[in-house]
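Peer 1:
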Amino acid sequence: MLNPCSWYQILGGMMLVTATLGMPQLGQAEPLQGLASWYGSGFGGGYTASGEPFNAKALTAAHRSLPFGTQVRVTNLDNGRSVIVTINDRLGHGGRVIDLSAGAAYALDMVRAGIAQVRLDVLGR
């Protein structure tokens, strides 16, 4: 078992690696842009990576590296609509920057298209 100092060293090292790789950090001033997709009721009854039951109607999202509980403003660049989501799941491999719950996708008016170009602004926890 690691002592508490070891955990801080590991977390510090992970933060350094994340910063080096250019992953978004809490409070990052520069927004991230890219492709968003969404997932819905087909995942109902399952659990997110954070351990929460998946709720397609909630304003939640999956991201590769942001900590669970992080609030992110997602803006659809095609229509200017935005929504604030909470990160509670992990994003798989692929060219997307975020996967949104159906509730968030409806708020952004991107359900029919299935994908949208978005801007992410990390707001914090």
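Reading the sequence shown from the start, the letters are residues 161 to 285 in my numbering. Here a beta-carbon is modelled for each residue, glycine too, at the ideal position from N, C-alpha and C.
1. Looking only at its own chain, which residues have a Cβ that is under 6 Å from the Cβ of isoleucine 220, when we skip the five neighbours before and after it?
2. Is it buried or exposed, aspartate 259, if we count other Cβ atoms within 10 angstroms and call 16 or more buried?
3. Going by DSSP, what residue range makes up the alpha helix (DSSP H) through tyrosine 266?
4. Taking the straight line between their C-alpha atoms, what separation do you get for glutamate 212 and glycine 229?
5. When the Cα of arginine 272 is compared with those of Leu192, Gly194, Gly200 and Gln193, which residue comes out closest?
6. Going by C-alpha to C-alpha distance, which of Gly194, Ser242 and Gly240 sits closest to histidine 223?
7. Just to confirm my understanding: we take valine 278, look at its own chain, exclude 5 residues before and 5 after, and list those with CB closer than 8 Å. What are they?
8. Below 8 Å between beta carbons: does that hold for glycine 254 and alanine 216?
9. Report the residue from Arg241, Pro227 and Thr208 whose alpha carbon sits nearest the alpha carbon of methionine 270.
10. Helix, strand or coil: how does DSSP classify serine 225 here?
11. Whose C-beta lies closer than 7 Å to the C-beta of glycine 206 among residues of the same chain, with five residues either side of it excluded?
12. Could you tell me how far apart the beta carbons of glutamine 231 and leucine 280 are, in whole angstroms, since I believe they sit closer than 8 Å?
Peer 2: In short:
1. Working through the sequence shown from its first residue, we reach residue 220 at position 60. Before going further, note that residue 220 is threonine rather than isoleucine in the sequence given. Same-chain partners within the cutoff: Val245, Thr246, Asn248 and Ser261.
2. One-based indexing of the sequence shown puts residue 259 at position 99. It counts as buried.
3. The residue labelled residue 266 in the question sits at position 106 within the sequence shown. Secondary structure note for tyrosine 266: its alpha helix (DSSP H) is the uninterrupted segment 262-267.
4. As a working mapping, residue 212 is identified with position 52 in the sequence shown. As a working mapping, residue 229 is identified with position 69 in the sequence shown. Rounded to whole angstroms, glutamate 212 to glycine 229 spans 11 Å at the Cα level.
5. As a working mapping, residue 272 is identified with position 112 in the sequence shown. Comparing alpha-carbon positions, the option among Leu192, Gly194, Gly200 and Gln193 lying closest to arginine 272 turns out to be Gly200.
6. Translated into the one-based positions of the sequence shown, residue 223 becomes position 63. Histidine 223 has its Cα closest to that of Gly194, out of Gly194, Ser242 and Gly240.
7. Mapped onto the sequence shown, residue 278 falls at position 118. Non-local beta-carbon contacts of valine 278 in its own chain, meaning distances under 8 Å to residues more than five positions away in sequence, involve Gln193, Gly194, Leu195, Ala196, Val234, Thr235, Asn236, Leu237, Val257, Ile258 and Leu268 in chain order.
8. Here residue 254 refers to the residue found at position 94 of the sequence shown. Here residue 216 refers to the residue found at position 56 of the sequence shown. No, Cβ-Cβ distance for glycine 254 and alanine 216 is not below 8 Å.
9. As a first step, residue 270 is located in the sequence shown; it is residue number 110 there, counting from the start. Residue Arg241 is the option with its Cα nearest to methionine 270.
10. Taking the sequence shown and counting its residues from 1, the one referred to as residue 225 is at position 65. Serine 225 sits in coil when the DSSP states are folded into three classes, being neither helix nor strand.
11. In the sequence shown, residue 206 corresponds to position 46, counting from 1. Once the five neighbours on either side are set aside, the close Cβ partners of glycine 206 are Phe214.
12. Residue numbering aside, residue 231 sits at position 71 when the sequence shown is read from its first letter. Residue numbering aside, residue 280 sits at position 120 when the sequence shown is read from its first letter. So it is not a contact: roughly 11 Å between Cβ atoms.
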